[in-house]
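Here the structure is laid out as structure tokens; the discussion comes afterwards.
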Amino acid sequence: MAFQPKVKEQLRIGKKNWYIAEHPAAPGIPYGQEGRAGVVFQLVNDHGEQSALKVFRARFRLPSLVALSEKLETLANLPGLEACRRIVLTLSQHRELLEQYPDLTYAVLMPWIDGPTWQEIVLDKRPLTKDRALALSCALAQSLTTMEERGIAHGDLSGPNIILPGLSAKYTGGTNPVSLVDVEQMYAPGLEKPASLSSGSAGYAHPQVAGGLWGSEADRFAGAVLLAEMLGWRDPQVCEVAWGESYFDPKEMQQDCPRYRLLTESLRRHWGDGAASLFERAWQSQDLIECPTFGEWLLALPAPEQPASAVFAAARTVAPMGTTPASSAPAESGPLQWLPSARDSFEATFLQALEAYRYKEWARRGNCCRSLCRKRRTTQPAVIAPATCSQRRKSNCGGVHSPPGLGG
Ligand SMILES: Nc1ncnc2c1ncn2[C@@H]1O[C@H](COP(=O)(O)OP(=O)(O)O)[C@@H](O)[C@H]1O
Ligand SMILES: [Mg+2]
332 MAFQPKVKEQ LRIGKKNWYI AEHPAAPGIP YGQEGRAGVV FQLVNDHGEQ
382 SALKVFRARF RLPSLVALSE KLETLANLPG LEACRRIVLT LSQHRELLEQ
432 YPDLTYAVLM PWIDGPTWQE IVLDKRPLTK DRALALSCAL AQSLTTMEER
482 GIAHGDLSGP NIILPGLSAK YTGGTNPVSL VDVEQMYAPG LEKPASLSSG
532 SAGYAHPQVA GGLWGSEADR FAGAVLLAEM LGWRDPQVCE VAWGESYFDP
582 KEMQQDCPRY RLLTESLRRH WGDGAASLFE RAWQSQDLIE CPTFGEWLLA
632 LPAPEQPASA VFAAARTVAP MGTTPASSAP AESGPLQWLP SARDSFEATF
682 LQALEAYRYK EWARRGNCCR SLCRKRRTTQ PAVIAPATCS QRRKSNCGGV
732 HSPPGLGG
């Protein structure tokens with residue numbers, strides 16, 4: 332990846348000046364998240380507005396991104412599809428910028444979506460409250476139902492491709508608490524089939540899907556696994572046995588393994604037979620058509636008792652006392668803030684302040700958090716070699732280190 336900008340480097344896009352943002356936990360390091368196809372940088376402008384710039388690796392810089400983006404734009408008002416609102420940098424429109432930075436050819440400017448990814452929540456192993464687990468699951472099911480009713484599928488549903496604005500400290504309600512990113516392989520009537528198709532991401536892919544995901548039912552298996560994970564995340568036992576970047580070890584897909592049994596029993600105990608049976612049906616399916624539709628999921632879930640804005644208020648309060656987090660990692664990728672709420676006990680408030688302090692110290696000493704780690708792998712490959720992180724697994728996380736002694 333040749334584009335390695337510095338913090339505050341200026342990019343003039345259209346009539347606006349944008350600057351490469353600094354990582355919130357690492358002074359001097361650009362805020363970028365690395366994926367399979369490229370790196371997504373956070374940009375800020377003079378008015379404090381944020382945008383995301385996805386810079387593709389050379390082999391993903393395709394002219395067809397221009398036509399694709401025009402079509403995706405028509406989906407951007409659907410819940411959770413804000414990332415479809417995009418501007419592609421082309422020679423005809425952005426010549427001066429591309430002459431200066433040829434690597435930005437066909438890069439995509441889109442809204443910045445604030446919040447942790449679902450992958451980060453899974454890695455964190457910290458349970459969600461019942462209300463939040465339900466609100467996130469319902470928001471995801473609602474979004475996917477709206478899509479399937481229009482014959483649309485994301486095509487690579489997975490933990491890193493789902494951002495949870497509901498869990499951001501900035502969330503005020505009004506928008507979907509769950510947002511899908513990485514939409515270049517989406518299926519929709521009228522969209523062209525990409526030259527190379529994804530068969531799904533590790534931990535979410537249906538083992539029987541050969542030849543890639545392309546069709547309106549493409550999300551049914553991955554979506555079922557994600558919904559089961561989200562619903563299961565209210566149960567500390569489920570969180571504790573999670574494999575890593577996904578709840579299931581990718582080798583376990585569709586196996587009658589202890590993780591599958593634990594999750595199904597937990598779904599049955601906490602959410603009833605309906606949700607458990609839908610997950611069983613997806614897990615045992617021969618193909619994607621056999622998996623439940625998202626409308627079926629929506630019907631099986633209890634309706635949330637409160638609006639999302641109320642459920643996610645004070646998004647960063649600590650886990651309730653007595654639910655000891657299984658891991659010591661911080662809840663979000665950015666630096667923790669000390670945000671006591673009126674409902675917190677003295678003990679909870681104290682622990683939260685201590686956690687924020689330790690996190691800050693840990694970040695200051697030069698350790699890395701997930702997104703920072705990904706960033707460093709991009710900008711300073713020599714600093715964090717893959718082997719330096721003992722917990723590193725495949726996919727887009729360069730390494731995960733937990734600050735010592737955090738949490739319970
Ligand atoms: N619009 C966005 N706002 C904020 N973060 C984003 C946005 N789009 C992507 N990201 C982050 O960047 C990561 C990589 O982006 P993604 O589009 O998934 O790239 P890839 O196609 O390489 O997997 C995502 O996992 C997510 O954490
Ligand atoms: Mg991705």
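Taking the working numbering, the leading residue of the sequence shown gets 332, the next gets one more, and so forth. From the three backbone atoms N, C-alpha and C, an ideal C-beta is built for every residue, glycine too. Remember, predicted model here, so these are calculated numbers, not experimental data.
Candidates the options: closest to residue i by CA position
i    : options                : result
Q335 : K346, I344, I351, E404 : I351
L412 : N348, V512, A519, L498 : V512
P458 : T436, G563, T405, G379 : G563
G542 : P355, V556, A526       : A526
I620 : Q637, A549, C570       : A549
P491 : S510, S468, S400       : S510
P508 : A639, W443, H485, M478 : A639
E401 : K582, A519, A536       : A519
A500 : S577, A641, L435       : A641
L422 : D618, Q539, L467, L393 : L393
P538 : P442, S616, P635, Q381 : S616
M517 : C469, C415, T460, R612 : C415
R388 : L399, L498, E365, L406 : E365
W443 : A634, G605, R551, Y362 : Y362
L528 : R551, H485, G605       : H485
K461 : R612, S608, L630, H601 : H601
W449 : D618, G534, R612       : G534
Cα-Cα separation between residue i and residue j, rounded to whole angstroms
i    : j    : result
F643 : A573 : 24 Å
S726 : R367 : Because S726 carries a pLDDT of 36, less than 50, the predicted location of this residue cannot be relied on, and no value is offered for it.
I418 : W614 : 38 Å
G575 : P447 : 16 Å
L488 : L396 : 20 Å
Q341 : L558 : 40 Å
Q585 : N408 : 35 Å
T595 : P589 : 10 Å
E515 : E560 : 25 Å
D445 : P358 : 19 Å
Y437 : I494 : 23 Å
S532 : E404 : 25 Å
L632 : V569 : 19 Å
W349 : G369 : 19 Å
P496 : V453 : 16 Å
A713 : D377 : Low per-residue confidence applies at A713: pLDDT is 21, beneath 50, and the placement is therefore not dependable, though the value from the model is reported in the following sentence. Distance between the alpha carbons of A713 and D377: 33 Å.
H732 : I360 : Residue placement at H732 is poorly supported in this model, since its pLDDT is 29, which falls under 50; the coordinates still yield a value, given next. Taking the straight line from one Cα to the other gives about 18 Å.
Q381 : G603 : 41 Å
K337 : E571 : 39 Å
E636 : L467 : 13 Å
R696 : P355 : Residue placement at R696 is poorly supported in this model, since its pLDDT is 48, which falls under 50; the coordinates are not used for a value here.
V386 : G345 : 17 Å
A634 : P567 : 23 Å
S577 : K347 : 39 Å
R343 : T477 : 36 Å
S659 : K456 : Confidence in S659 is poor, its pLDDT being 36 and thus under 50, which makes the residue's placement too unreliable to answer from.
M441 : Q373 : 10 Å
Y432 : K339 : 15 Å
G605 : L498 : 27 Å
G743 : E353 : The question about residue 743 has no answer, for the chain in this structure spans 332 to 739.
G505 : C469 : 15 Å
P410 : L522 : 19 Å
E479 : L544 : 14 Å
A607 : K582 : 22 Å
E663 : Y502 : In this prediction, E663 scores a pLDDT of 37, lower than 50, which makes its location untrustworthy; the coordinate-derived value is nonetheless stated afterwards. So the alpha carbons of these two residues sit roughly 14 Å apart.
Residue(s) in a DSSP beta bridge with residue i
i    : result
P442 : S382
F387 : G369
G363 : F372
S510 : I494
E401 : In the DSSP output, where bridge partners are listed per residue, E401 has none listed.
E353 : P361
L342 : W349
T448 : I494
I418 : L440
Y518 : A484
Integer-rounded CB distance, given that residue j should sit under 8 Å from residue i
i    : j    : result
R592 : A464 : Actually they do not touch by this definition, with Cβ atoms about 20 Å apart.
S547 : G626 : Contact flag wrong, Cβ pair sits at about 13 Å.
F610 : L598 : 6 Å
P623 : A555 : 7 Å
A553 : D434 : Contact flag wrong, Cβ pair sits at about 31 Å.
A383 : V371 : 5 Å
heavy atom of ligand 3 below 7 Å from residue i C-beta
i    : result
P355 : The model on display carries ligand 1 and ligand 2 but not ligand 3.
* **Stretch pair the region 465 to 476 + the region 421 to 436: three plus CB contacts closer than 8 Å** => No, the region 465 to 476 is not in contact with the region 421 to 436.
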